[in-house]
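Novice: Mind the numbering: the sequence shown is residues 3 to 188 in this note's numbering, read in order.
Provided herewith is a single structure, encoded as structure tokens, for subsequent inquiry.
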Amino acid sequence: KDEIRSMAEKAGLPVSRKPDSEEICFVPDNDYAGFLERELGGKVPPAGNFVTRDGEILGRHKGITHYTIGQRRGLGLAMGHHVFVTEIRPDTNEVVIGEDGDVYSESLTCSSLNFMSVSEEEFGVGDTRHLFGRIRYRHPGEWCDVKRVGEDRLEVHFEAPVRAVTPGQAAVFYDGDVIACGGTID
Numbered sequence: 003k004d005e006i007r008s009m010a011e012k013a014g015l016p017v018s019r020k021p022d023s024e025e026i027c028f029v030p031d032n033d034y035a036g037f038l039e040r041e042l043g044g045k046v047p048p049a050g051n052f053v054t055r056d057g058e059i060l061g062r063h064k065g066i067t068h069y070t071i072g073q074r075r076g077l078g079l080a081m082g083h084h085v086f087v088t089e090i091r092p093d094t095n096e097v098v099i100g101e102d103g104d105v106y107s108e109s110l111t112c113s114s115l116n117f118m119s120v121s122e123e124e125f126g127v128g129d130t131r132h133l134f135g136r137i138r139y140r141h142p143g144e145w146c147d148v149k150r151v152g153e154d155r156l157e158v159h160f161e162a163p164v165r166a167v168t169p170g171q172a173a174v175f176y177d178g179d180v181i182a183c184g185g186t187i188d
């Protein structure tokens with residue numbers, strides 16, 4: 003992107019100063035909740051409770067589709083200090099609220115594995131590799147030990163805590179500049 007942006011700037015194209023988009027092209031106005039409601043014919047999770055990790059009710063939310071792990075803005079809670087979404091519990095329709103430190107994790111598990119530069123045979127069950135992991139598009143990444151604990155399961159331990167590990171998102175593990183493997187965060 004940087005190289006293309008530089009070429010556009012040299013050519014005098016105004017697009018060179020345009021900020022990167024973080025939206026999904028088919029979601030108008032970045033309104034994910036509205037998109038889901040339209041696509042699911044209104045069959046989205048209803049309003050529910052904001053709760054602490056221990057289940058204390060803090061208030062009401064608009065529906066779990068409106069929130070993401072690590073979110074701070076738009077919660078509608080007046081707590082006197084910054085609070086964050088730390089967990090989403092679809093089974094109970096609860097959004098768990100906590101402090102910034104609660105959003106960090108040192109480990110994760112993932113499944114629905116894809117092997118790229120390393121084959122399934124080279125990375126057998128029980129094997130551990132030291133790789134560089136990223137858990138979302140703009141995540142800077144962190145070194146981690148990745149252990150294959152089953153045919154379709156990895157256990158990952160990061161050298162330093164990472165922010166907003168989110169179930170359903172991709173985890174991608176690099177060996178140098180190439181993708182070794184990846185999966186979906188459990």
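The beta carbon of each residue, even a glycine, is placed where N, CA and C say it ideally should be.
Please check if any C-beta of chain C sits within less than 8 Å of the C-beta of histidine 83.
Specialist: Protein chains in the displayed structure number just one, and chain C is not present.
Novice: Taking the beta carbon of cysteine 146 as the centre, do at least 16 other beta carbons fall within 10 Å, making it buried, or is it exposed?
Specialist: For the purposes of this step, residue 146 is taken as the residue at position 144 of the sequence shown. Buried: at least 16 other Cβ atoms inside 10 Å.
Novice: For glycine 185, which option in Val151, Cys112, Asp56 has the closest C-alpha, if you only look at C-alpha atoms?
Specialist: In the sequence shown, counting from the first residue as 1, residue 185 sits at position 183. Per the Cα distances, Cys112.
Novice: Given that a residue counts as buried once 16 or more other Cβ atoms are within 10 Å of its Cβ, and exposed if not, what is cysteine 27?
Specialist: For the purposes of this step, residue 27 is taken as the residue at position 25 of the sequence shown. Classification of cysteine 27: exposed, given that the 10 Å Cβ count is below 16.
Novice: Identify, in the order they occur along the chain, each residue of the same chain with its Cβ nearer than 8 Å to the Cβ of asparagine 116, setting aside the five sequence neighbours on each side.
Specialist: On the sequence shown, position 114 is the one that residue 116 refers to. Answer for asparagine 116: Cys183, Gly184, Gly185, listed in chain order.
Novice: Residues in its own chain within less than 7 Å of leucine 60 by CB, not counting five upstream and five downstream?
Specialist: Counting from one through the sequence shown, the residue named residue 60 turns up at place 58. Cβ within range, chain order: Phe52, Val53, Thr54, Leu79, Ile99.
Novice: Does the beta-carbon distance from glycine 128 to phenylalanine 175 come in below 8 Å?
Specialist: Along the sequence shown, one-based indexing puts residue 128 at 126. Along the sequence shown, one-based indexing puts residue 175 at 173. Not a contact, by the Cβ cut-off of 8 Å.
Novice: For aspartate 177, write down the residues that DSSP places opposite it in a beta bridge.
Specialist: Here residue 177 refers to the residue found at position 175 of the sequence shown. Partner(s): Val180.
Novice: Can the beta-carbon of asparagine 95 be found closer than 8 Å to that of glycine 50?
Specialist: Start at 1 with the first residue of the sequence shown, and residue 95 comes out as number 93. Start at 1 with the first residue of the sequence shown, and residue 50 comes out as number 48. Yes, the pair counts as a contact, with Cβ atoms nearer than the cut-off.
Novice: Using only the alpha-carbon positions, how far apart do serine 109 and glutamate 58 sit?
Specialist: What you label residue 109 is simply residue 107 of the sequence shown in a count that begins at 1. What you label residue 58 is simply residue 56 of the sequence shown in a count that begins at 1. Rounded to whole angstroms, serine 109 to glutamate 58 spans 26 Å at the Cα level.
Novice: Return the first residue and the last residue of the alpha helix (DSSP H) that tyrosine 34 is part of.
Specialist: Locating residue 34 in the sequence shown gives position 32, where the first residue counts as 1. Counting along the chain, the alpha helix (DSSP H) containing tyrosine 34 begins and ends at 34-41.
Novice: Classify aspartate 147 as helix, strand or coil using the three-state DSSP reduction.
Specialist: As a position in the sequence shown, residue 147 is number 145, starting the count at 1. It is a strand residue.
Novice: For valine 46 versus threonine 70, is the C-beta spacing smaller than 8 Å?
Specialist: As a position in the sequence shown, residue 46 is number 44, starting the count at 1. As a position in the sequence shown, residue 70 is number 68, starting the count at 1. No, these two residues do not count as a Cβ contact at 8 Å.
Novice: Mapping the DSSP letters down to three states, classify histidine 132 as helix, strand or coil.
Specialist: Your numbering for residue 132 matches position 130 in the sequence shown. Reduced to three states, the DSSP call for histidine 132 is strand.
Novice: Helix or strand or just coil, what does DSSP make of valine 158?
Specialist: Position 156 of the sequence shown, counted from the first residue, corresponds to residue 158. DSSP places valine 158 in strand when its eight states are reduced to three.
Novice: Assign histidine 84 to buried or exposed, taking buried as 16 or more other Cβ atoms, counted over all protein chains shown, within 10 Å of its Cβ.
Specialist: Taking the first residue of the sequence shown as 1, we reach residue 84 at position 82. It counts as exposed.
Novice: Would you report the Cα separation of valine 87 and threonine 168, rounded to the nearest angstrom?
Specialist: Residue numbering aside, residue 87 sits at position 85 when the sequence shown is read from its first letter. Residue numbering aside, residue 168 sits at position 166 when the sequence shown is read from its first letter. One C-alpha to the other measures close to 11 Å.
Novice: Within a Cβ cutoff of 6 Å, which residues of the same chain sit near glutamate 39, ignoring the five residues on either side of it in sequence?
Specialist: The residue you call residue 39 lines up with position 37 of the sequence shown. So the list reads Val46, once near-sequence residues are dropped.
Novice: Hey, valine 105 and alanine 172: beta-carbon distance below 8 Å or not?
Specialist: As a first step, residue 105 must be located in the sequence shown, where it is residue number 103. As a first step, residue 172 must be located in the sequence shown, where it is residue number 170. No, these two residues do not count as a Cβ contact at 8 Å.
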